[in-house]
Amino acid sequence: MKPIFGRGPSLQLRLFFAVILSASLMLADSRLDAFSNVRYLLNSMVAPIQYAANLPRTMFDGVYDRFSTRKGLIESNHNIKREVLRLKSELILLEQYQEENKRLRKLLGSPFIRDEKKVVTEVMAVDTSPYRHQVVIDKGQIDGVYEGQPVINEKGIVGQVTFVAAHNSRVLLLTDANNAIPVQVIRNDIRVIASGNGMIDEIQLEHIPTSTDIQEEDLLVTSGLGGVYPEGYPVAYVTAVDYDPKREFAVIKAEPVVEFDKLRYLLLVWPDENKQMQADQSSIEQALLEDEDGQ
Numbered sequence: 004m005k006p007i008f009g010r011g012p013s014l015q016l017r018l019f020f021a022v023i024l025s026a027s028l029m030l031a032d033s034r035l036d037a038f039s040n041v042r043y044l045l046n047s048m049v050a051p052i053q054y055a056a057n058l059p060r061t062m063f064d065g066v067y068d069r070f071s072t073r074k075g076l077i078e079s080n081h082n083i084k085r086e087v088l089r090l091k092s093e094l095i096l097l098e099q100y101q102e103e104n105k106r107l108r109k110l111l112g113s114p115f116i117r118d119e120k121k122v123v124t125e126v127m128a129v130d131t132s133p134y135r136h137q138v139v140i141d142k143g144q145i146d147g148v149y150e151g152q153p154v155i156n157e158k159g160i161v162g163q164v165t166f167v168a169a170h171n172s173r174v175l176l177l178t179d180a181n182n183a184i185p186v187q188v189i190r191n192d193i194r195v196i197a198s199g200n201g202m203i204d205e206i207q208l209e210h211i212p213t214s215t216d217i218q219e220e221d222l223l224v225t226s227g228l229g230g231v232y233p234e235g236y237p238v239a240y241v242t243a244v245d246y247d248p249k250r251e252f253a254v255i256k257a258e259p260v261v262e263f264d265k266l267r268y269l270l271l272v273w274p275d276e277n278k279q280m281q282a283d284q285s286s287i288e289q290a291l292l293e294d295e296d297g298q
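The numbering of the sequence shown is my numbering, which starts it at 4 and goes up by one.
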């Protein structure tokens with residue numbers, strides 16, 4: 004029995020004709036540009052579809068780029084802020100070092116500092132409770148510090164060492180109520196005793212007869228007597244003189260040349276032995292003269 008429909012060309016034959024047709028169309032298009040209008044029309048029809056298909060991805064890429072850019076800007080801003088903070092901290096340290104250098108230059112360049120051996124020391128702690136004015140410095144026994152050693156700064160007398168440990172020492176300030184220092188008036192060489200009264204900016208002169216020639220603005224310097232402080236270092240300026248005939252002694256107050264609320268760098272002084280011996284001899288002679296006058 005014969006089939007109703009006849010069998011068509013074989014698969015191989017159809018594939019051959021398709022390839023020939025495709026090659027012919029491609030050759031005709033490349034040589035003659037025969038299908039440019041058709042291709043343009045097809046592209047015009049397909050372009051909206053391609054745009055619509057790519058729109059979600061385009062939007063996602065845009066959002067992602069913006070997010071990435073914002074994240075990068077935030078991170079960059081944080082980095083800049085951290086760098087600015089670091090530079091500011093370094094600037095503060097630089098200014099502090101410059102100020103410390105200025106203080107040290109001023110300390111070592113003071114015009115009244117003489118040839119005695121000196122060592123720079125720094126204040127580690129301050130004790131300024133009422134009537135107790137002391138500081139702790141960063142030099143001790145291993146540095147050759149000894150009890151009773153004079154301490155100065157670029158302006159004048161600060162005090163004396165009262166306790167020495169291995170690596171630090173305690174300094175009794177001039178204004179402490181337990182401190183007393185032999186001084187002399189530079190105008191007329193009158194020698195008196197100045198003592199602290201617990202005020203940070205004031206000392207007083209003890210047992211001054213009302214007939215003594217001491218005036219306001221007189222400069223008091225160390226007399227060298229007593230064997231502690233070298234002679235000639237500034238101590239204070241007289242600020243008030245009260246002579247009352249009804250009292251046996253005058254009331255005289257003075258303002259220290261040193262600002263005790265601003266102490267930072269100090270100088271430990273090793274007095275010249277020869278000068279100290281001369282000062283001690285002078286002290287002995289003065290004591291003998293006073294005894295003779297008393298007799």
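Every residue gets a Cβ at the ideal spot worked out from N, C-alpha and C, and that includes glycine.
query, result
"Which residues DSSP lists as bridging GLU209, in chain order", "ILE196"
"Span of the beta strand (DSSP E) around HIS136", "135 to 140"
"ILE287, DSSP secondary structure in three states", "Residue confidence for ILE287 is low, a pLDDT of 49 falling below 50, so the modelled location carries little weight; the figure read from the coordinates is stated next. Helix, per DSSP."
"Option nearest VAL164 by Cα separation, candidates GLU157, THR178, VAL138 and GLU205", "VAL138"
"Outcome for PRO212 when other beta-carbon atoms lying within 10 angstroms are tallied against a minimum of 16", "exposed"
"Cβ-Cβ distance between VAL261 and ILE160 below 9 Å", "yes"
"Helix, strand or coil at VAL231 according to DSSP, with G and I counted as helix", "coil"
"At least three beta-carbon pairs within less than 8 Å, the segment 175 to 191 to the segment 221 to 240", "yes"
"SER27 in three-state terms, based on DSSP", "helix"
"Simplified DSSP assignment, three categories, for VAL261", "coil"
"Alpha carbon of LYS158 to alpha carbon of ILE206, nearest angstrom", "16 Å"
"Status (buried if at least 16 other CB within 10 Å, exposed otherwise) for GLY75", "exposed"
"Anticipated Cβ contact below 8 Å, LEU270 with LYS121, distance rounded", "5 Å"
"Top-ranked residue by Cα proximity to MET127, from ARG173, THR215 and ASN57", "ARG173"
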